[in-house]
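Note that the protein sequences, when read in sequence, are chains A and B. Be aware that the first sequence starts at 162, since it is given in our numbering, and climbs by one per residue. Be aware that the second sequence starts at -11, since it is given in our numbering, and climbs by one per residue. Using N, Cα and C, we set each Cβ at its ideal position, and we do this for glycine too. What follows is a short report on a single structure.
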Amino acid sequence: MKNSWIIAKRDLGSFFNSPIFYVITTVFLIIYSYIFVNILSFFSMQSMQSGQLQQMGIALNINEMVIEPSFQNMAVVLLLIIPIITMRSFAEEKKSKTFRLLLSSPVHLKEIIWGKFLACMIVITVMVLISSYSIGFLFMIGEPDIGPVLTGYLGILLTAGCYVSIGIFASSLTENQIVAAVITFGFSLFMWVIGWGAQAASSTTGQVLQYLSVIEHMDRFLKGMIETSDLAYYLSFIIFGLFLCYRTLDSNRWR
Amino acid sequence: MIEVKNLTRYYGTRRAINNISFQIEKGEVVGFLGPNGAGKSTTMNIISCILAASSGSAKINGFDTFEQSLEIRKIIGYLPETPPLYSDMIVSDYLNFAAGIRGVDTKNISSSVDRVIEKCSLKDVGHRIIGRLSKGYQQRVGLAQAMVHDPEILILDEPTIGLDPIQIIEIRKLIQELTTEHTIILSSHILPEINQICKRVIIINDGEIAAVDSLGGLAASLRKSDRLSLTVRNSEDNVIEKLNGLDQVISATNSEGNQYLIECALRSNLQDEIAKLALENNWGIVELKPVSMTLEDIFLKLTLEEKEPEK
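So this is what it looks like as structure tokens:
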């Protein structure tokens, strides 16, 4: 664990010293903020007609109509930028031959992978924390329910964890960062849309596809529910990705 | 201390090393010598627990480099061919990181880093970014990284490659200073380097060990003749002929211009007779000297002899 932290700390240092972190965070915040402002202004437009809506039996709910879609969109933006964060993890170490320092040190491969995962997750957490100004603002002007906000953040971070574990695995496959990013992006997107096949497929296959989909599980978190099956999905997803990464790096000793 | 037995390693179908066996005792300074692509780096990578062997075993202090690699990694310091430097880091930060990752206790890290900074004369560049340092300094940082945890064994893969002559001398001096405290394995394709630093050489060619011996031993075992070099002012066509006419001369060849290389029987001391011959024929001696067998000759001889049976 101590070794993982040493590795994570070094990675974080290089993230925060390089322009990559600042560029990515800026892009993330601009896109997310633009979406958030639009969702919010749509909500405020509707709230002006709240009388009419109430007559139609539609209640205005800031959690459901602002926070939930904001989180969903944040997950999409994260899908686009996480590959750029994770692509360096192992690809850069291998390319610049620094990986041999780690490999010839008394550190277990698991600790190295865990350290890389930790570093990426901390970077993403920092970005998500900065973006939480938006939700904070809602608490200043209204009274949203805090429960779904917290579970929503948990859902976002778990989803991000899945992308990161794919990303680290992809990064262990190649020396080329762009290849790693493209694999990560493609695979993450696939896991995102896999549930769409459910309608066309037979009922059992459909259920399986639905269960495999990343959004499917996040939706319940956004609604304020923490279900064991969702947690199990995320954790096994993350561990499986890291396991594949471990196998890949371990097999490098043989190739 | 280091025991390598029948080590073989394939990359795909290409065999990088074949059936290599050797032993290295504590405190020895051993040179790995061989042309590029001979399998030096592969062997070193296996000893450093980075690669697994296809067959055979490498043991350090009784620990297997594959099964018990964590134990071994605590006592080795490895400098790969390309020093493993994070070019965006500051030298002192990097060494702190290397100390942490190489298992130095948290409370001893700063003293360890200070020690290697002192030893590798990195004081002036301690706060500079690694990527902006000259190649020579980078190599020193690489060396500092390998010895920050004060390992028993230092494995240095071509530590002077790509440096300018002054830097090479500096690095060599540094390594020479280290020989008193560490067991060192050093690889190189530059012969004088090994000649200066190492007590024993392992010559690898085409993935196989061509010879293991001390330098003196190698030279003695390969010396079947003495050699003299003769340089004259007035070269005539019949110089070679006349030299060959001498009793104990095995062969005389014109090496370049007015210089001749004479191979003669061991301990024949032909200088006097050659000088007499030169005086009689008015060649005008410029220089007459014995040629000792250099590591280069040994190396060439060994690697060529290896190849001959194949033809």
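Determine whether the Cβ of residue i lies closer than 8 angstroms to any Cβ atom of chain A.
i: Arg128 of chain B; result: no
i: Gln133 of chain B; result: yes
i: Gly91 of chain B; result: yes
i: Ala46 of chain B; result: no
i: Lys187 of chain B; result: no
i: Leu206 of chain B; result: no
i: Pro297 of chain B; result: Note that Pro297 of chain B has pLDDT 47, beneath the 50 cutoff, so the model's placement of it is unreliable and no number is given.
i: Lys95 of chain B; result: no
i: Ala4 of chain B; result: no
i: Asp302 of chain B; result: Lying before the first or after the last residue shown, residue 302 of chain B is absent from chain B, which here runs from -11 to 299.
i: Arg61 of chain B; result: yes
i: Ser36 of chain B; result: yes
i: Gly195 of chain B; result: no
i: Leu(-5) of chain B; result: no
i: Ile64 of chain B; result: yes
i: Leu166 of chain B; result: no
i: Gly88 of chain B; result: yes
i: Phe85 of chain B; result: yes
i: Leu174 of chain B; result: no
i: Leu142 of chain B; result: no
i: Leu110 of chain B; result: no
i: Leu121 of chain B; result: no
i: Leu58 of chain B; result: yes
i: Leu151 of chain B; result: no
Between which residues of its own chain and residue i is the CB-CB distance below 8 angstroms, once the five residues before and five after are set aside?
i: Pro72 of chain B; result: Gly130, Gln133
i: Lys14 of chain B; result: Met(-11), Glu140, Thr171
i: Val274 of chain B; result: Thr219, Val220, Arg221, Asn246
i: Ile245 of chain A; result: Ile181, Ile185, Ala342
i: Asn232 of chain B; result: Ser239, Ala240
Whose Cβ in chain D lies nearer than 7 angstroms to the Cβ of residue i?
i: Lys258 of chain A; result: Although the question refers to chain D, the structure presented lacks it and instead comprises the protein chains A and B.
Spell out the partners DSSP gives residue i in its beta bridges.
i: Lys(-7) of chain B; result: B:Ser45
i: Ile172 of chain B; result: B:Val17, B:Leu142
i: Ser202 of chain B; result: B:Arg188
i: Arg419 of chain A; result: Chain A is shown only over 162 to 416; residue 419 of chain A falls outside these bounds and no answer can be derived.
i: Leu218 of chain B; result: B:Tyr248, B:Leu276
i: Ala240 of chain B; result: B:Ile250
i: Asn193 of chain B; result: B:Glu196
i: Ile5 of chain B; result: B:Arg(-3)
Report, in whole angstroms, the separation of the C-beta atoms of residue i and residue j, which I expect to be a contact under 8 angstroms.
i: Ser36 of chain B; j: Ser265 of chain A; result: 5 angstroms
i: Met135 of chain B; j: Val104 of chain B; result: 6 angstroms
i: Gly119 of chain B; j: Ser75 of chain B; result: 3 angstroms
i: Phe204 of chain A; j: Val238 of chain A; result: In fact, because the Cβ distance is near 19 angstroms, the residues do not count as touching under 8 angstroms.
i: Leu276 of chain B; j: Ile286 of chain B; result: Between Ile286 of chain B and Leu276 of chain B the Cβ distance is about 24 angstroms, and since that is not below 8 angstroms, they are no contact.
i: Gln164 of chain B; j: Ile185 of chain B; result: 6 angstroms
i: Thr(-4) of chain B; j: Ser42 of chain B; result: 5 angstroms
Tell me, please, whether the CB atom of residue i is closer than 8 angstroms to any CB atom in chain B?
i: Ser333 of chain A; result: no
i: Ile317 of chain A; result: no
i: His132 of chain A; result: The structure shown has nothing for residue 132 of chain A, since chain A only spans 162 to 416.
i: Ser265 of chain A; result: yes
i: Ser165 of chain A; result: no
i: Ser390 of chain A; result: no
i: Arg408 of chain A; result: no
i: Asn199 of chain A; result: no
i: Phe268 of chain A; result: The sequence given here places Val at residue 268 of chain A; Phe does not occur at that position. Chain B contact via Cβ: present.
i: Trp353 of chain A; result: no
i: Ser175 of chain A; result: yes
i: Ser179 of chain A; result: yes
i: Arg249 of chain A; result: no
Any heavy atom of the ligand NAP closer than 7 angstroms to the Cβ of residue i?
i: Gly316 of chain A; result: For the ligand NAP, the structure offers nothing, since it holds no ligand at all.
Going by beta carbon distance, what residues of the same chain come within less than 6 angstroms of residue i, once the five residues before and after it are set aside?
i: Lys62 of chain B; result: Gly91
i: Lys299 of chain B; result: The predicted position of Lys299 of chain B is uncertain, since its pLDDT is 38 and thus under 50; no value can be drawn from it.
i: Gln330 of chain A; result: Sequence inspection shows Phe at residue 330 of chain A; the Gln mentioned does not correspond to that position. Once the five neighbours on either side are set aside, the close Cβ partners of Phe330 of chain A are Gly402, Leu405, Cys406.
i: Met248 of chain A; result: Ser332, Gln338, Ala341, Ala342
i: Phe54 of chain B; result: Ala40
Excluding the five sequence neighbours on either side, which residues of its own chain have a C-beta within less than 7 angstroms of the C-beta of residue i, listed in chain order?
i: Asn337 of chain A; result: Ala252
i: Ala86 of chain B; result: Gln133, Val136
i: Leu221 of chain A; result: Gln207, Ser208, Ser211, Leu214
**OP:** Return the chain-ordered ranges of every beta strand (DSSP E) run that is complete within the region 247 to 292 of chain B and spans a minimum of 3 residues.
**Re:** 247 to 252, 273 to 278
Original post:
What residue ranges within the region 96 to 149 of chain B form continuous beta strand (DSSP E) runs of no fewer than 3 residues, ordered along the chain?
Top reply: 141 to 145
Original post:
In the region 9 to 93 of chain B, which residue ranges form an unbroken beta strand (DSSP E) of at least 3 residues, counting only runs that do not cross its ends?
Top reply: As far as the region 9 to 93 of chain B is concerned, its whole beta strand (DSSP E) runs of at least 3 residues are 17 to 21, 43 to 48, 64 to 67.
**OP:** Write down every uninterrupted run of the beta strand (DSSP E) in the region 202 to 275 of chain A whose length is 3 residues or greater and which is fully enclosed by it, in chain order.
**Re:** none
Subject >> Those runs of the alpha helix (DSSP H) which lie wholly inside the region 304 to 351 of chain A and span at least 4 residues >> reply: 307 to 334
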